[in-house]
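Asker:
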Amino acid sequence: MAGSRLERFGTVFTRVRDLMRSGVLKPAEKPIWYDVYVAYPPKRAPVYVKPLTRPSPKNANTVPEIFYSEDKVRAKFYEQYGTGPRPLDLSKVNFISTCQRFVDRYMELKSHNEQYDTALFEETGKALLQDGIVLRRRGFPVVDSLQVKVVAEPRSVG
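Numbering (UniProt numbering), first residue to last: 1 to 158.
Below you can see the structure in the form of structure tokens.
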């Protein structure tokens, strides 16, 4: 068996000794080190001992969860506005996505104002609209200030 040749099933000395006892190895063919090993055996037998590893519940989650306050803003942004009509252009070195611009403006406004998150979120959308960045809500058609038409009052019949 190939598995019995592994050192973890016995030492090299015990395997050579057993081969000599069974007659497979003749005393004239024994290794040079065999007599020295018999004369001066080690104090501790060189046996392979598999290290004990028990799954510890304390070390199960060694990596702490990383969650930043900006992540909530990003999640809400993508929930309301989606990823947008165009893909992200990562070939440009200084590319800043619409979401990142939104988060930066949100954090800037949050440092100046003490508003609730929903009001601050809407305020950030308005601030980006003033900068020329049009945000489109998911499921709604794009509405620019140029596309809004004034509805005429109904005519009176008579």
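The C-beta atom is built at its ideal place from N, Cα and C for all residues, glycine as well.
Just so you know, these numbers come straight off a predicted model, no measurement behind them.
Rounded to the nearest angstrom, what separates R105 and R86 at their Cα positions?
Answerer: For R105 and R86, the distance between alpha carbons rounds to 21 Å.
Asker: Would you say V16 and K26 are within 8 Å of each other, going by their C-beta atoms?
Answerer: For V16 and K26, no; Cβs fall outside 8 Å.
Asker: For the stretch 35-44 against the stretch 86-101, do three or more pairs of beta-carbon atoms, one drawn from each stretch, fall closer than 8 Å, so that the two count as touching?
Answerer: At 8 Å Cβ cutoff, the stretches do not touch.
Asker: Can you tell which of D117, V63, L52 has its C-alpha closest to the C-alpha of R74?
Answerer: Residue D117 is the option with its Cα nearest to R74.
Asker: Nearest by alpha-carbon distance to K50: which of S22, F67, F9 is it?
Answerer: When each option's Cα is compared against that of K50, the closest is F9.
Asker: Jot down the residue ranges of each uninterrupted alpha helix (DSSP H) in the stretch 45-109, minimum 4 residues, whole runs only, in chain order.
Answerer: Listed in chain order, the complete alpha helix (DSSP H) runs (minimum 4 residues) inside the stretch 45-109 are 69-81.
Asker: Along the chain, where does the alpha helix (DSSP H) containing K126 start, and where does it finish?
Answerer: Where K126 is concerned, the enclosing alpha helix (DSSP H) stretches over 117-130.
Asker: Answer with buried or exposed for T83, where buried requires no fewer than 16 other C-beta atoms within 10 angstroms of its C-beta.
Answerer: The residue in question, T83, is exposed, as its Cβ has fewer than 16 Cβ neighbours within 10 Å.
Asker: How big is the Cα-Cα spacing for V36 and F13?
Answerer: Roughly 11 Å separates the two Cα atoms.
Asker: Identify whether T11 lies in helix, strand or coil by the three-state DSSP scheme.
Answerer: Of the three classes helix, strand and coil, the one that applies to T11 here is coil, per DSSP.
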